[in-house]
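**Q** Got a structure for you, questions after.
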Amino acid sequence: MSQTHFGFQQVDENEKASKVRGVFDSVASKYDLMNDLMSAGLHRAWKAYTVQVANLKAGERVLDIAGGTGDLARAFARKVGDTGVVVHTDINEAMLRQGRDRLLDEGLILPTSLADAEKLPFKSESFDLVSVAFGLRNMTHKDLALAEMCRVLKPGGRLLVLEFSRIAEPLRKPYDWYSFNILPRLGSLFAGDADSYRYLAESIRMHPDQATLKAMMKSAGFGHVDVHNLSAGIVALHAGIKC
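With positions in the sequence shown counted from 1, the corresponding number in our numbering is that position plus 116.
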């Protein structure tokens with residue numbers, strides 16, 4: 117049986133999805149609060165930049181993968197208007213419920229689907245834009261997920277991957293100290309769960325760096341990929357075009 121990583125641990129491939137599900141089941145109710153605390157609110161700027169790069173037009177069709185509590189889905193819906201469609205998906209039911217309820221509270225009724233990014237339940241060439249924010253690193257077979265994202269995009273469609281990445285070298289040691297000392301403490305204090313936030317820090321280190329992810333996207337069928345480093349590379353936005 118093949119092995120893969122779950123943070124710094126090696127686990128059987130067929131166990132990773134359930135382990136990741138356990139992490140997000142645990143943190144779902146505190147997810148938005150913890151995002152603000154961990155990033156000092158910067159995640160809002162990163163997502164706003166992603167919406168700007170998306171450059172959506174009225175009437176376009178968008179698939180938001182690992183959409184969680186719906187930050188991007190909500191912003192995209194405002195851009196595509198009543199003539200467009202934004203499909204809000206996540207593999208984790210607890211996270212999807214949080215996002216759906218939050219969107220409903222704000223008067224937004226969007227199509228919502230429990231979906232595995234490695235086996236998307238959508239027709240080929242269905243969307244103008246696919247987005248995944250802070251979800252790709254948790255996927256077992258990233259190459260399969262990227263290929264699926266390419267499949268469901270129309271020719272000329274865009275993929276936006278917003279994800280933690282490789283920070284600039286001078287900041288690496290203080291960033292590592294923060295990640296492995298402060299994040300678990302914040303998780304313990306505010307979410308009652310240090311282990312899930314320790315996994316978060318580990319999963320970031322195991323995720324492909326900017327150049328590797330760019331190469332993976334090209335192998336998946338994206339003819340052109342731009343990389344936007346944000347906050348000195350703490351996060352990177354990869355923007356790919358299906359040619």
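C-beta: ideal position from N, C-alpha, C; glycine also.
(1) Measuring CB to CB, does leucine 329 end up less than 8 Å from histidine 354?
(2) Nearest to glycine 251 by CA position, among Ile207, Glu222, Asp141, Pro286, is which residue?
(3) Can you tell me whether glycine 339 is helix, strand or coil according to DSSP?
(4) Given this structure, state the Cα-to-Cα distance separating arginine 194 from phenylalanine 338, to the nearest angstrom.
(5) If you measure between the beta carbons of histidine 323 and valine 169, is that distance less than 8 Å?
(6) Leaving aside the five residues before and after leucine 236 along the sequence, list all residues of the same chain whose C-beta is less than 7 Å from its C-beta, in chain order.
(7) DSSP beta-bridge partners for lysine 358?
(8) May I ask which residues mark the beginning and end of the alpha helix (DSSP H) holding aspartate 128?
(9) Using the rule of at least 16 other Cβ atoms within 10 Å of the residue's Cβ for burial, across every protein chain shown, is isoleucine 181 buried or exposed?
(10) Could you pull the DSSP bridge partners for asparagine 345 from this structure?
(11) If distances are taken between C-alpha atoms only, which option among His159, Glu129, Val127 comes closest to alanine 352?
(12) Would you kindly check if the distance between the Cβ of glycine 200 and the Cβ of alanine 174 is under 8 Å?
(13) Work out the CA separation of alanine 261 and asparagine 297 for me, nearest whole Å.
(14) Note the first and the last residue of the continuous alpha helix (DSSP H) segment covering glutamate 209.
(15) Around the C-beta of cysteine 359, are 16 or more other C-beta atoms found within 10 angstroms, so that it is buried, or is it exposed?
(16) The alpha helix (DSSP H) that contains phenylalanine 192, what's its start and end?
(17) For methionine 333, which residues from the same chain have a beta carbon less than 8 Å from its beta carbon, with the 5 sequence-adjacent residues on both sides left out?
(18) According to the Cβ coordinates, are serine 247 and valine 178 closer than 8 Å?
(19) Looking only at its chain, what residues have a beta carbon closer than 7 Å to the beta carbon of leucine 224, apart from the 5 residues adjacent to it on each side?
**A** Well, looking at it:
(1) yes
(2) Ile207
(3) strand
(4) 27 Å
(5) no
(6) Glu264, Val268
(7) Phe338
(8) It is not in any alpha helix (DSSP H) - aspartate 128 instead sits in the beta strand (DSSP E) that spans 125 to 128.
(9) With 16 or more other Cβ atoms within 10 Å, it is buried.
(10) Ala352
(11) Taking only the C-alpha atoms, the option nearest alanine 352 is His159.
(12) Note that the C-beta distance between alanine 174 and glycine 200 is below 8 Å.
(13) Cα to Cα, asparagine 297 sits roughly 32 Å from alanine 261.
(14) 209 to 221
(15) exposed
(16) 187 to 196
(17) Leu262, Leu275, Val277, Val341, His354, Gly356
(18) Between serine 247 and valine 178, the C-beta spacing is below 8 Å.
(19) Arg190, Ala193
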